[in-house]
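**Student:** If you read the sequence shown in my numbering, its first letter stands for residue 10, the second for the next number, and so on.
Here it is, the structure, as structure tokens.
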Amino acid sequence: MQKKQSFIFSFLLLLACTKNKVTPKPAHTLCETRSEMRSCPQKHGKIFLPRTYTARAIYLGYSEDEYHKEFLELIIQQVKQLETRPMVNILVPRTEDLFAYDHLVKYFAKKDYEFLNIIPTASNETIWAQDYMEILFDTKTGFSQIVDLPYIGREGETIPASIALSCQKELIEQDEFKSGNIPGNGDYGGNIEPITPKILTVGNNLTNETFNVLKASTSQELIDIDVQWLETGHVDELLTTLPLKKDAGPCEQTLLVASPKLGLELIKKLPMTEKPAKNQLMPFFDDYDNWPDLYHCLYPKNFKLKECLELYRANETYQAHIDKSVESLQLAINKHHQCRLKVESFPQIFVPLKKQKKYGEYTDRAIALNPNSVNNIFFYPTLILPKQIFPVFQEEVDKVLSQYPYKIIFANGKFVHELNGGIHCATNISYGCTPRAQ
Numbered sequence: 010m011q012k013k014q015s016f017i018f019s020f021l022l023l024l025a026c027t028k029n030k031v032t033p034k035p036a037h038t039l040c041e042t043r044s045e046m047r048s049c050p051q052k053h054g055k056i057f058l059p060r061t062y063t064a065r066a067i068y069l070g071y072s073e074d075e076y077h078k079e080f081l082e083l084i085i086q087q088v089k090q091l092e093t094r095p096m097v098n099i100l101v102p103r104t105e106d107l108f109a110y111d112h113l114v115k116y117f118a119k120k121d122y123e124f125l126n127i128i129p130t131a132s133n134e135t136i137w138a139q140d141y142m143e144i145l146f147d148t149k150t151g152f153s154q155i156v157d158l159p160y161i162g163r164e165g166e167t168i169p170a171s172i173a174l175s176c177q178k179e180l181i182e183q184d185e186f187k188s189g190n191i192p193g194n195g196d197y198g199g200n201i202e203p204i205t206p207k208i209l210t211v212g213n214n215l216t217n218e219t220f221n222v223l224k225a226s227t228s229q230e231l232i233d234i235d236v237q238w239l240e241t242g243h244v245d246e247l248l249t250t251l252p253l254k255k256d257a258g259p260c261e262q263t264l265l266v267a268s269p270k271l272g273l274e275l276i277k278k279l280p281m282t283e284k285p286a287k288n289q290l291m292p293f294f295d296d297y298d299n300w301p302d303l304y305h306c307l308y309p310k311n312f313k314l315k316e317c318l319e320l321y322r323a324n325e326t327y328q329a330h331i332d333k334s335v336e337s338l339q340l341a342i343n344k345h346h347q348c349r350l351k352v353e354s355f356p357q358i359f360v361p362l363k364k365q366k367k368y369g370e371y372t373d374r375a376i377a378l379n380p381n382s383v384n385n386i387f388f389y390p391t392l393i394l395p396k397q398i399f400p401v402f403q404e405e406v407d408k409v410l411s412q413y414p415y416k417i418i419f420a421n422g423k424f425v426h427e428l429n430g431g432i433h434c435a436t437n438i439s440y441g442c443t444p445r446a447q
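If you want it as structure tokens, here you go:
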């Protein structure tokens, strides 16, 4: 009898081992979901995975700001409803650990929230999770690496190392910058956006050092997007993609583009009797400059004011720059995938720092007047966008998105918008896939 039981146990053990070989498992278990996903693209090696793949992890910075805590709660509750839940990793600043504990302790030891992971950091600020790192995925092994991006002089400089330690990931370190060539906004992660497994968009304000790190890390072709006229200057301020279905292919996406032209067309159709509503958002400022509050230029009775005419002239120029970048991207997509993506436009007005003889130059330093709908986050089947403060813009966004089969949620982006950012800037989603059997 004992011999028979031993034989059965050996048979079951052999069966289990055989099954593991047939069905490859994702390599990581720390900080990332353990569920299997769609197969990885063939023959690509290490790449930055686009939104067409499944979310394995979401990284979010913590802040005690009430609007941001509301945003964190929104993400947590939306992930809780998913069948395949990405891990939600909340990065806590060292100055706010007690606030974070009081806020998040309610989730501890609850089975429904096992996807929640808290990572303490040595940083004073963790808000801009998109910017201080990128996540590189190895399609052959299923492992991902943290790409440490230059954040010199900023509070987030040490965060990638904290994540690499907590999640036991390899860290691709920054290149050494030569004296006088200090990195800036262009080297942050919002300026590095994958479109397909073969295409990675980067801003034309990226330094050579960061460009070289990316070039050496991925097999994807790097396509320049003209962002130098923006104050922050990131690709995720101008465009992103939206898959048309689950597990979409490279051509099964829509290109979402910020459109000053559409914004101007919509406000010029308003009746002259349109009554201005109070602007609930503070205009951006930094240690050196204050950007003008031109919210009143969205209303017909102010169209002929000098500052409003100048705003419209600037945005007509910005549209030409955006169109040129979109066409360059479409040519690259056609080259690699033999298709052009459908384009959907979201109304977006940009405000230059001051009047310029020629707009669209580095000296513009333009910022978003209204919350940027392109700066959104997507984890199937959920699309989260900032709610528009201007009703006619919100109506247009609703109309565009009504044709897509996703759960559409609008978040209050006041906190990040007033800091000249967006909800995509405040999140970092790591997409994954299951390596193909060798």
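Ideal placement from N, C-alpha and C gives every residue a C-beta, glycine not left out.
My output table needs one value for Q328: the three-state DSSP class, helix, strand or coil.
**Tutor:** helix
**Student:** Might you give, ordered along the chain, the residues of its own chain that have their beta carbon closer than 8 angstroms to the beta carbon of R349, omitting 5 neighbours on each side?
**Tutor:** Q339, I342 and N343
**Student:** Is there contact between the segment 49-58 and the segment 225-240, where contact requires at least three CB pairs shorter than 8 angstroms?
**Tutor:** yes
**Student:** Which of the three DSSP states is assigned to I342 in this structure?
**Tutor:** helix
**Student:** Could you pull the start and end residues of the alpha helix (DSSP H) that I432 belongs to?
**Tutor:** Note, I432: premise wrong, no alpha helix (DSSP H); not H, not E.
**Student:** Can you give me the Cβ contacts of E246 inside the same chain, cut-off strictly under 8 angstroms, excluding the 5 residues immediately before and after it?
**Tutor:** G199, V236, L239, A267, A377, N381, V383, N384 and G431
**Student:** Sorted by chain position, which residues of the same chain lie with C-beta nearer than 6 angstroms to Q183's C-beta, five sequence neighbours on each side aside?
**Tutor:** So the list reads D157 and P159, once near-sequence residues are dropped.
**Student:** According to DSSP, is P252 part of a helix, a strand, or is it coil?
**Tutor:** strand
**Student:** Please determine, among H346, I144, E79 and Y141, the residue with the shortest C-alpha to C-alpha distance to I208.
**Tutor:** H346
**Student:** Note down the Cα distance separating R94 from F124, rounded to an integer number of angstroms.
**Tutor:** 7 angstroms
**Student:** Could you tell me which of Q51, Y68, P309 and C49 sits nearest to L39, measuring between CA atoms?
**Tutor:** Y68
**Student:** Any idea what DSSP makes of K416, helix, strand or coil?
**Tutor:** strand
**Student:** By Cβ distance below 6 angstroms, which residues in the same chain neighbour Q116 in space, the five residues on each side in sequence not counted?
**Tutor:** In the sequence as displayed, the identity of residue 116 is Tyr instead of Gln. Same-chain partners within the cutoff: Y122 and L125.
**Student:** Could you spell out where the alpha helix (DSSP H) holding L231 opens and where it closes?
**Tutor:** L231 -> not in any alpha helix (DSSP H); beta strand (DSSP E) instead, spanning E230 to I234.
**Student:** Do you know offhand how far K278's Cα is from H426's?
**Tutor:** 26 angstroms
**Student:** Could you name the residues of the same chain whose beta carbon sits closer than 6 angstroms to that of N288, not counting the 5 residues immediately before and after it, in chain order?
**Tutor:** If we look at N288 and ignore the five residues flanking it on each side, its Cβ neighbours are Y304.
**Student:** Report the start-end ranges of each beta strand (DSSP E) in the segment 113-176 that is 3 residues or longer and not cut off at the edges.
**Tutor:** 125-129, 142-147 and 153-157
**Student:** For K55, write down the residues that DSSP places opposite it in a beta bridge.
**Tutor:** According to DSSP, which records beta bridges pairwise, K55 is partnered with D147.
**Student:** Can you give the Cα-Cα distance for T216 and A118, rounded to whole angstroms?
**Tutor:** 45 angstroms
**Student:** Checking 8 angstroms against the spacing of the C-beta atoms, do Y415 and T391 come in under that value?
**Tutor:** yes
**Student:** With H, G and I counted as helix, E and B as strand and the rest as coil, what does DSSP make of E427?
**Tutor:** coil
**Student:** Under 7 angstroms Cβ to Cβ from V31, same chain only, skipping five residues before and after it: list those, please.
**Tutor:** For V31, the predicted model reports a pLDDT of 36, less than 50, meaning its position is unreliable; a value from the coordinates is still stated below. Cβ within range, chain order: n/a, list empty.
**Student:** Give the secondary structure of P395 by DSSP, where H, G and I count as helix, E and B as strand, and everything else as coil.
**Tutor:** Strand, per DSSP.
**Student:** Could you tell me which of I168, L113 and F146 sits nearest to N133, measuring between CA atoms?
**Tutor:** Considering only alpha carbons, the answer is I168.
**Student:** Comparing alpha-carbon positions, which option in F146, W300 and V335 lies nearest G212?
**Tutor:** The option with the nearest alpha carbon to G212 is V335.
**Student:** Closest by CA to T205, which one among F424, Y371 and P50?
**Tutor:** P50
**Student:** Mapping DSSP to helix, strand and coil, what is K351?
**Tutor:** strand
**Student:** Hey, would you say the C-beta of K333 is under 7 angstroms away from at least one heavy atom of the ligand FMN?
**Tutor:** Absence of the ligand FMN from the depicted structure is noted, as is the absence of any ligand whatsoever, leaving it without description.
**Student:** Please report the residue range of the beta strand (DSSP E) in which Q87 lies.
**Tutor:** It is not in any beta strand (DSSP E) - Q87 instead sits in the alpha helix (DSSP H) that spans E75 to K89.
**Student:** Buried or exposed: which applies to M451, given that a residue is buried once 16 or more other Cβ atoms fall within 10 Å of its Cβ?
**Tutor:** Nothing can be reported for residue 451: it is not among the residues displayed for the chain, which extend from 10 to 447.
**Student:** Do F399 and T251 count as a contact pair if the criterion is CB distance below 8 angstroms?
**Tutor:** Inspection of the sequence shows that residue 251 is occupied by Leu rather than by Thr. It is not a contact, given that the beta carbons lie outside the stated cut-off.
**Student:** Between A173 and Q262, what straight-line distance do the alpha-carbon atoms span, to the nearest angstrom?
**Tutor:** 32 angstroms
**Student:** Cβ atoms of N429 and T241: under 8 angstroms apart, would you say?
**Tutor:** In contact: T241 and N429 (Cβ atoms closer than 8 angstroms).
**Student:** Going by DSSP, what residue range makes up the alpha helix (DSSP H) through I67?
**Tutor:** Where I67 is concerned, there is no enclosing alpha helix (DSSP H), although the beta strand (DSSP E) it sits in stretches over T63 to G70.
**Student:** Answer with buried or exposed for M281, where buried requires no fewer than 16 other C-beta atoms within 10 angstroms of its C-beta.
**Tutor:** Taking a 10 Å sphere around the C-beta of M281, we find fewer than 16 other C-beta atoms and assign the residue as exposed.
**Student:** When DSSP labels each residue in this structure, what does S48 get in the three-state scheme?
**Tutor:** strand
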